[in-house]
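First comes the structure, then the notes that go with it.
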Amino acid sequence: MASSDETSLVWLRDDLRLDDNPALAEAAGLGLPMTVLYILDEESEGIRPLGGAARWWLHHSLAALAADLESKGSRLVLRRGKSDAIVRKLAGQTKAGHIFWNRRYSQPERTIDAGLKDWAGENGIHASSFQANLLFEPWTIRTGAGGPYKVYSPFWRACMASADIRDPLDAPAALPEPAASGPGVPTSDTLASWKLLPTSPDWSTGLAETWEPGEKGAADRLADFLDGPVEDYGTGRNIPGTEGTSRLSPHLRFGEVSPFRVWREIRRRHPGKIPADVGIFRSELGWREFNWHLLYHNPDLATRNFRPAFDNFQWGRVSRSELAAWQQGKTGYPLVDAGMRQLWQTGWMHNRVRMAAASFLVKNLLTDWRIGEEWFWDTLVDADAANNPANWQWVAGSGADASPYYRIFNPVTQSKKFDADGSYLRAFIPELQGLEGKQIHEPWTAGADGYPAPLVDLAESRERALDAYQKLKDE
DNA sequence: AGTAGATTTGT
DNA sequence: CAAATCTAC
Numbered sequence: 001m002a003s004s005d006e007t008s009l010v011w012l013r014d015d016l017r018l019d020d021n022p023a024l025a026e027a028a029g030l031g032l033p034m035t036v037l038y039i040l041d042e043e044s045e046g047i048r049p050l051g052g053a054a055r056w057w058l059h060h061s062l063a064a065l066a067a068d069l070e071s072k073g074s075r076l077v078l079r080r081g082k083s084d085a086i087v088r089k090l091a092g093q094t095k096a097g098h099i100f101w102n103r104r105y106s107q108p109e110r111t112i113d114a115g116l117k118d119w120a121g122e123n124g125i126h127a128s129s130f131q132a133n134l135l136f137e138p139w140t141i142r143t144g145a146g147g148p149y150k151v152y153s154p155f156w157r158a159c160m161a162s163a164d165i166r167d168p169l170d171a172p173a174a175l176p177e178p179a180a181s182g183p184g185v186p187t188s189d190t191l192a193s194w195k196l197l198p199t200s201p202d203w204s205t206g207l208a209e210t211w212e213p214g215e216k217g218a219a220d221r222l223a224d225f226l227d228g229p230v231e232d233y234g235t236g237r238n239i240p241g242t243e244g245t246s247r248l249s250p251h252l253r254f255g256e257v258s259p260f261r262v263w264r265e266i267r268r269r270h271p272g273k274i275p276a277d278v279g280i281f282r283s284e285l286g287w288r289e290f291n292w293h294l295l296y297h298n299p300d301l302a303t304r305n306f307r308p309a310f311d312n313f314q315w316g317r318v319s320r321s322e323l324a325a326w327q328q329g330k331t332g333y334p335l336v337d338a339g340m341r342q343l344w345q346t347g348w349m350h351n352r353v354r355m356a357a358a359s360f361l362v363k364n365l366l367t368d369w370r371i372g373e374e375w376f377w378d379t380l381v382d383a384d385a386a387n388n389p390a391n392w393q394w395v396a397g398s399g400a401d402a403s404p405y406y407r408i409f410n411p412v413t414q415s416k417k418f419d420a421d422g423s424y425l426r427a428f429i430p431e432l433q434g435l436e437g438k439q440i441h442e443p444w445t446a447g448a449d450g451y452p453a454p455l456v457d458l459a460e461s462r463e464r465a466l467d468a469y470q471k472l473k474d475e
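99 is the number that the UniProt record's numbering gives to position 99 of the first sequence; each next residue is one higher, with no gaps.
And the structure:
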């Protein structure tokens, strides 16, 4: 029985937006005084703490979200600690009769959410969860035999053949007043007290110049991309020196834009047949869906080879200095180095270059993919629990529908092919500014002051990798 | 979503 | 003889 001072509680997590936010929309529709909560949880069992770049992003995204909520009459409550304890306590203090959230798909998070749903049921509180962050929930897409998919193409075909993708919801025009907790509204941590931003040194200058975290930044990025680059996506996405990709990944990671909104905006611009280039972009959203499908059905994707045969793989002993050279962009191979420096400076790396840089670490340096996965987790603004490990396993060949073992990128061939004019290399490697024409792809033939000599011989290290992978095949 | 080496094609 | 195409790993 609802009492007159009953309230609602919306718990936001990886959905830092007002647009197409089913949990928020449902709560707003109730009209009860409403608490909007975000929890920084680094304590619950199994939770993987955010990397440094993601912490920077989260700070700015929450600041933007708080301002957006306030402009509509609401307020963001920030709390830090164990999620289940905080939600239970706050629900009690605010006399919440209804709790709303949008679903998430990692094992530790699902365990917390399921526990809270049980607790709510036992305490007469209505807890409702919604589909908001994936177009297809991982358990709904099944093979003919009833199991999860292990190959991308049939997975995406099955998605496309399944039920229609729902329309996105508009952001609520206004939001209910904040719920009271005893004498006033619930206290909130200050964002600054979470110390998410780097100090001494502040390495975030390049990130701030590159990104606008928050819902407005996400919407602008989506519009800019769909109004131009997407029409030439098939080729444009491979040229790292241009703005040929959407750069939506961190916005999707933090839920500042809904995949349902992206889908609808594409459809709105192409009501008839979807052009091939636009279809390729949509299929990249499909890879995001596939990777979450994989994680849902394989919760230890970040630590365990998807293909158990790889448990016997003989990774090389990578020296501290070799790893540091890769991390710092000092391998002597311009495309790899430009990519690793772009990552360090901006928190992001072009996908074509990610493949080349990851291939170099895993195959030419024969490094366990988990080492690379951890570095990317710490330095990427867009790393999430599914896509980062799934993509590393794809490169290593240990994953589902993975790259074949003999696919070893040649960073010189790749940069000649995809950065022919060297504009990407020049943008991130000052030591190579002076090199003329094609010399920039092979600086050792010209000599460039301050730029390192190649860390390993490409042909030799390639043969070593092929031998190691061959051994695995022979077992 | 690859590379390298061999073979064929085209100017 | 360079570029496009084919093929095995």
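Cβ coordinates follow ideal geometry from the N, Cα and C atoms, glycine included.
Every value quoted in this text rests on a predicted model; they were computed, and no experiment measured them.
Checklist entry - Given 8 Å as the limit, is there contact between the region 25 to 37 and the region 325 to 345, that is, 3 or more CB pairs closer than that? => result no
Checklist entry - Does DSSP put Trp101 in a helix, in a strand, or in coil? => result Reading the first sequence from its first residue, position 101 is the one you call residue 101. Strand at Trp101.
Item to check | Same chain, Cβ closer than 6 Å to Met1, neighbours up to 5 away in sequence not counted | outcome: By one-based count along the first sequence, residue 1 stands at place 1. Here Met1 scores only 42 on pLDDT, less than 50, and its place in the model is too uncertain to base an answer on.
Item to check | Distance, Val185 Cα to Arg370 Cα | outcome: Here residue 370 refers to the residue found at position 370 of the first sequence. Here residue 185 refers to the residue found at position 185 of the first sequence. Going from the Cα of Arg370 to the Cα of Val185 covers about 44 Å.
Item to check | Paired residues, beta bridge with Leu78 - DSSP | outcome: To locate residue 78, count along the first sequence from 1; it is residue 78. Leu78 pairs with Tyr38.
Item to check | beta strand (DSSP E) segment containing Leu12, residue limits | outcome: As a working mapping, residue 12 is identified with position 12 in the first sequence. Start and end: 7 to 12.
Next on the checklist: Tell me the DSSP secondary structure of Pro178 in three-state form.
Outcome noted: Numbered from its first residue, the first sequence carries residue 178 at position 178. Of the three classes helix, strand and coil, the one that applies to Pro178 here is strand, per DSSP.
Checklist entry - How should Glu243 be labelled, buried or exposed, when 16 other C-beta atoms within 10 angstroms of its C-beta is the threshold for buried? => result On the first sequence, residue 243 is found 243 positions in, with the first residue counted as 1. The residue is exposed, with fewer than 16 neighbouring Cβ atoms inside 10 Å.
Item to check | Same chain, Cβ closer than 6 Å to Asp384, neighbours up to 5 away in sequence not counted | outcome: To locate residue 384, count along the first sequence from 1; it is residue 384. Here the set comprises Arg253.
Item to check | Whole runs of the alpha helix (DSSP H) within the region 422 to 455, excluding any shorter than 4 residues | outcome: 423 to 428
Checklist entry - Can you tell which of Gly115, Asp68, Gly52, Arg103 has its C-alpha closest to the C-alpha of Ser44? => result Here residue 44 is taken as the residue at index 44 of the first sequence, counted from 1. Looking at the Cα atoms, Gly115 is the closest of the given residues.
Checklist entry - Residue range of the beta strand (DSSP E) that Ala420 falls in? => result Indexing the first sequence from 1 puts residue 420 at position 420. Counting along the chain, Ala420 falls outside any beta strand (DSSP E), and DSSP gives it neither H nor E.
Next on the checklist: Please tell me whether Phe360 and Thr331 are closer than 9 Å, where the distance is taken between their beta carbons.
Outcome noted: If you number the first sequence from 1, residue 360 lands on position 360. If you number the first sequence from 1, residue 331 lands on position 331. Against a cut-off of 9 Å, the Cβ pair of Thr331 and Phe360 comes out as a contact.
Item to check | Proximal residues to Leu455 (C-beta, below 7 Å), its chain only, five neighbours per side dropped | outcome: In the first sequence, the residue the question calls residue 455 occupies position 455. Answer for Leu455: Glu322, Ala325, Thr331, Gly332, listed in chain order.
Checklist entry - For Tyr424, which option in His441, Asn410, Ser204 has the closest C-alpha, if you only look at C-alpha atoms? => result Position 424 of the first sequence holds residue 424. With distances taken between Cα atoms, Tyr424 lies closest to His441.
Item to check | Those residues which DSSP pairs with Phe130 across a bridge | outcome: Counting from one through the first sequence, the residue named residue 130 turns up at place 130. Paired residue(s): Asn102.
Checklist entry - Lys471 to Ile408, Cα distance in whole Å? => result Against the first sequence, residue 471 aligns to sequence position 471. Against the first sequence, residue 408 aligns to sequence position 408. Rounded to whole angstroms, Lys471 to Ile408 spans 16 Å at the Cα level.
Next on the checklist: Can you look up Ala2 in the DSSP assignment and give me helix, strand or coil?
Outcome noted: In the first sequence, the residue the question calls residue 2 occupies position 2. Summary for Ala2: the model assigns pLDDT 47, below 50, so the residue's position carries little reliability; its value from the coordinates is reported in the next sentence. In this structure, Ala2 counts as coil in the three-state DSSP scheme.
Checklist entry - Within this structure, are the beta carbons of Asp167 and Asn102 separated by less than 9 Å? => result To locate residue 167, count along the first sequence from 1; it is residue 167. To locate residue 102, count along the first sequence from 1; it is residue 102. No.
Next on the checklist: Give me the residue from Glu177, Trp344, Phe155 with the minimum Cα distance to Thr210.
Outcome noted: Walking along the first sequence from the start, residue 210 turns up at place 210. Taking only the C-alpha atoms, the option nearest Thr210 is Trp344.
Next on the checklist: Using CA atoms only, rank isn't needed, just tell me which of Ile86, Ala53, Glu26 is closest to Ala37.
Outcome noted: Here residue 37 refers to the residue found at position 37 when the first sequence is read from its first residue. What sits at residue 37 in the sequence shown is Leu, not Ala. Leu37 has its Cα closest to that of Ile86, out of Ile86, Ala53, Glu26.
Checklist entry - Mapping DSSP to helix, strand and coil, what is Gly236? => result Position 236 of the first sequence, counting from 1, holds the residue named residue 236. Three-state DSSP puts Gly236 in a helix.
Item to check | Reduced DSSP category for Ala27 - H, G, I as helix; E, B as strand; rest coil | outcome: Along the first sequence, read from residue 1 onward, the residue named residue 27 stands at position 27. Residue state, collapsed to three classes: helix.
Next on the checklist: On a Cα-Cα basis, can you pick out the residue from Asp170, Val362, Lys438, Asp421 that is closest to Gly316?
Outcome noted: Counted from its first residue, the first sequence places residue 316 at position 316. Nearest option by C-alpha distance: Val362.
Checklist entry - Can you tell me whether Glu42 is buried or exposed, with buried defined as 16 or more other CB within 10 angstroms of its CB? => result Here residue 42 corresponds to residue number 42 of the first sequence, with the count starting at 1. The residue is exposed, with fewer than 16 neighbouring Cβ atoms inside 10 Å.
Checklist entry - In three-state DSSP terms, what is Lys273? => result In the first sequence, residue 273 corresponds to position 273, counting from 1. DSSP places Lys273 in coil when its eight states are reduced to three.
Checklist entry - Mapping DSSP to helix, strand and coil, what is Ala383? => result In the first sequence, residue 383 corresponds to position 383, counting from 1. The answer is coil: DSSP assigns Ala383 none of H, G, I, E or B.
Item to check | Among Lys216, Gln107, Pro430, Leu76, the one whose alpha carbon lies nearest that of Asp300 | outcome: As a working mapping, residue 300 is identified with position 300 in the first sequence. Among Lys216, Gln107, Pro430, Leu76, the Cα nearest to that of Asp300 is on Gln107.
Next on the checklist: Measuring alpha carbon to alpha carbon, tell me which residue in Arg282, Ser249, Thr35, Asp20 is nearest Arg157.
Outcome noted: Here residue 157 refers to the residue found at position 157 when the first sequence is read from its first residue. The shortest Cα separation from Arg157 among Arg282, Ser249, Thr35, Asp20 belongs to Arg282.
Item to check | Beta-carbon spacing of Pro229, Thr205 below 9 Å | outcome: Here the question's residue 229 lines up with position 229 in the first sequence. Here the question's residue 205 lines up with position 205 in the first sequence. For Pro229 and Thr205, no; Cβs fall outside 9 Å.
Item to check | Cα-Cα separation, Ile125 to His98 | outcome: In the first sequence, residue 125 corresponds to position 125, counting from 1. In the first sequence, residue 98 corresponds to position 98, counting from 1. For Ile125 and His98, the distance between alpha carbons rounds to 6 Å.
Item to check | For Ala96, three-class secondary structure by DSSP | outcome: Within the first sequence, residue 96 is the residue found at index 96, counting from 1. Residue state, collapsed to three classes: strand.
Checklist entry - Starting from Glu70 and walking both ways along the alpha helix (DSSP H), at which residues does that stretch end? => result On the first sequence, residue 70 is found 70 positions in, with the first residue counted as 1. Element bounds for Glu70: 52 to 71.
Next on the checklist: Among Phe376, Ile47, Arg304, Asp467, whose alpha-carbon lies nearest the alpha-carbon of Ser406?
Outcome noted: Numbered from its first residue, the first sequence carries residue 406 at position 406. Per the sequence presented here, residue 406 reads as Tyr, with Ser not at that position. It is Asp467.
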